[in-house]
Amino acid sequence: MRAAVVAALLALCACASAPQEAPRWSIVLHGGAGVIERERITPEVEQQYRAALRDAVEAGGAVLDSGGASLDAVETVIQRLEDDPLFNAGRGAVFTAEGRNELDASIMDGRSRAAGAVAGVTRTRHPISLARRVMEQSPHVMLMGEGAEAFSRAQALEQVEPGYFFTERRWRQLEENLRANGLPVPPRPVGVPSPQALNESHPDDHQFGTVGVVARDVRGDLAAGTSTGGTTGKRWGRVGDAPVIGAGTYAQNGVCGVSATGTGEYFIRVGVARAICARMELNGESAQEAADRVIAEVGAMAGDGGVIVMDRQGAVAYSMNTPGMYRAHMRSGAPSTVRIFADEETE
Ligand code: ASP
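In terms of our numbering, the sequence shown opens at residue 4 and continues consecutively.
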């Protein structure tokens, strides 16, 4: 009898201390960080974001569950978020001070650390796909402006009129931003609808909304990608961290994958995504420790934002110094989880 009790206790202990089995596949995404507070978000708008995040992460989960590559999952999910006007990427991107949508994106393949990025594109429907073409079909890592547009056309990627990216909500944000900074408001872009009343308020107005994804597929390959319109009222061809490999995006098999969102100038200066992976690789820090330390470093410099991080086995960490970050996670054998506010429990 005693032996049986001891054996049962031992079995329990072994079970409690056994490392959690790595998922077959895992995917995590963010939809931007910022001043996203419960008091500023109506239940309807909150539900819209939660549904969009859930649908997107589950679309990526379906790619991975059928044996698809992490790169394909990253591209599929980001394309979807680029099409969704809720997010500051593709359609729904924020405007420059001149009233344009200039889009930035990057993608990285953890197997070889091949990477592709584009900055300031205005006519490619899916900038993430253009970044992937740069990685796979050009000898370069980053293309910008007119040259990137020419490459996009040469690759036969879908082209749209610049007005395709227009949303009334982002235009209002631009008007407010320019007025607050004493700058002139440019004319509305050609071909967009005349001004409409807005009947809903969004929690992240004036703030961020970039999208990013990190995935690990059944072969253990990591990939990461990020896509954004940048910051409202940006000027002079400003480019943020999203297309900068090592700042906004990083992936390295056997180490980690990262996508960042926040005040890009600080994320570039800290080299956020690479710094997190280097801490994990060289200091043996967990994804959470490394992410928290690097976000604290950004915060100490007065930068705001957050990161999603995946370790080599598909475990996920989030870190942010803002009241919220739209985010979702899914792994094999478990339902998806969606979070918005910083104080929501992680899993
Ligand atoms: N990091 C982006 C940028 O600076 C903006 C964001 O994440 O919201 O362009």
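The C-beta atom is built at its ideal place from N, Cα and C for all residues, glycine as well.
With hydrogens ignored, establish whether the beta-carbon of residue i is closer than 6 Å to any heavy atom of the ligand ASP.
i, result
"glycine 150", "no"
"threonine 264", "yes"
"aspartate 307", "no"
"glycine 233", "yes"
"aspartate 244", "yes"
"glycine 71", "no"
"threonine 252", "no"
"threonine 99", "no"
"glycine 64", "no"
"threonine 213", "yes"
"glycine 123", "no"
"glycine 302", "no"
"glycine 35", "yes"
"glycine 356", "Residue 356 falls outside the range modelled here, since the chain spans only 4 to 350, and no answer is possible."
On the DSSP bridge list, what partners appear for residue i?
i, result
"histidine 129", "Note: histidine 129 sits in no beta bridge, so no partner."
"aspartate 314", "Cys259"
"arginine 371", "Any property of residue 371 remains undetermined from this structure, which presents the chain solely from 4 to 350."
"glycine 228", "Ile110 and Val216"
"alanine 122", "Met147"
"tyrosine 253", "Val261"
"alanine 36", "Met328"
"threonine 340", "His332"
"valine 194", "It should be noted that the sequence gives glycine, not valine, for residue 194. Paired residues: none, contrary to the question."
"alanine 117", "Asp112"
"glycine 309", "Thr264 and Met323"
Tell whether a beta-carbon distance below 7 Å holds between residue i and residue j.
i, j, result
"alanine 25", "glycine 317", "yes"
"methionine 111", "threonine 252", "yes"
"alanine 218", "alanine 122", "no"
"alanine 120", "serine 109", "yes"
"proline 189", "glycine 95", "no"
"valine 319", "tyrosine 269", "no"
"phenylalanine 90", "valine 214", "yes"
"threonine 264", "glycine 306", "no"
"valine 275", "alanine 245", "no"
"serine 335", "arginine 57", "no"
"aspartate 224", "serine 73", "yes"
"alanine 290", "valine 312", "yes"
"serine 262", "alanine 293", "no"
"methionine 138", "alanine 117", "yes"
"glycine 243", "glycine 232", "no"
"valine 80", "serine 339", "no"
"proline 130", "serine 197", "no"
"glycine 327", "isoleucine 30", "no"
"asparagine 180", "glycine 240", "no"
"aspartate 87", "alanine 55", "yes"
Please classify residue i: does DSSP put it in a helix, a strand, or coil?
i, result
"alanine 17", "Here alanine 17 scores only 42 on pLDDT, less than 50, and its place in the model should not be relied on; the value that follows carries that caveat. The answer is helix: DSSP assigns alanine 17 an H, G or I state."
"valine 297", "helix"
"methionine 283", "helix"
"alanine 303", "helix"
"valine 242", "coil"
"valine 221", "coil"
"alanine 6", "The predicted position of alanine 6 is uncertain, since its pLDDT is 48 and thus under 50; a value taken from the coordinates is nonetheless stated next. In the structure shown, alanine 6 sits in a helix (DSSP, three-state: H, G or I)."
"glycine 267", "helix"
"alanine 183", "helix"
"valine 319", "strand"
(message) Ignoring anything shorter than 3 residues, give me the beta strand (DSSP E) runs that lie fully in the region 132 to 181, in order along the chain.
(response) Segments of the beta strand (DSSP E) lying fully in the region 132 to 181: 145 to 147.
If we require 4 or more residues per run, which alpha helix (DSSP H) segments fall completely within the region 43 to 115? 46 to 68 and 73 to 86
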